[in-house]
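Residue numbers (my numbering): 1 to 164. First comes the structure, then the notes that go with it.
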């Protein structure tokens with residue numbers, strides 16, 4: 001499981017030891033993230049089951065010292081699979097600060113790492129971790145390249161529009 005920034009660059013990863021995606025993995029990633037952030041930093045968390053994570057944090061006191069610095073939403077692909085009240089409260093297009101984000105970065109990361117799954121079952125642990133690390137180091141460069149291209153295209157379009 002990997003924690004991505006808003007620009008789809010991997011920040012932290014955790015090795016899942018079970019097939020079930022437990023909340024303790026996300027809590028560990030968020031704890032690590034907050035260790036590296038200033039105390040007044042605000043985090044907007046987009047997660048498949050962000051509603052359940054928010055409920056668990058409130059009920060059990062997980063990340064208690066950080067709850068005033070966080071908002072939770074459900075990723076756009078999973079929002080419509082949730083109950084109606086959950087869709088209203090946790091839909092990213094209905095919450096401030098998320099804009100039209102679609103959380104496709106996680107899907108792109110999964111696609112970039114999917115070729116490692118087959119031999120990950122037979123290769124040594126250090127080889128698999130090294131492969132994931134080297135792949136993660138390439139992803140930000142391609143993302144930055146895409147961002148640069150987008151900004152260049154928008155800039156030239158705006159210049160043409162406003163110069164005429």
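We treat Cβ as the ideally placed atom computed from N, Cα and C, and that holds for glycine.
Express the C-alpha separation of residue 115 and residue 6 in angstroms, rounding to a whole number.
Near 24 Å, if we compare the C-alpha coordinates of residue 115 and residue 6.
Is DSSP giving residue 26 helix, strand or coil here?
Of the three classes helix, strand and coil, the one that applies to residue 26 here is helix, per DSSP.
If we require 3 or more residues per run, which beta strand (DSSP E) segments fall completely within the segment 75-127?
Segments of the beta strand (DSSP E) lying fully in the segment 75-127: there are none.
Around the C-beta of residue 50, are 16 or more other C-beta atoms found within 10 angstroms, so that it is buried, or is it exposed?
The residue is buried, with at least 16 neighbouring Cβ atoms inside 10 Å.
Span of the alpha helix (DSSP H) holding residue 65?
First-last for residue 65: undefined, no H or E at that position.
Could you pull out every residue in the same chain whose Cβ sits closer than 8 Å to the Cβ of residue 82, ignoring the five residues on either side in sequence?
So the list reads 51, 74, 90, once near-sequence residues are dropped.
Measuring CB atoms only, is the segment 36-47 touching the segment 17-25, in the sense that at least three cross pairs come out at less than 8 Å?
Flag = no, the segment 36-47 and the segment 17-25 do not touch.
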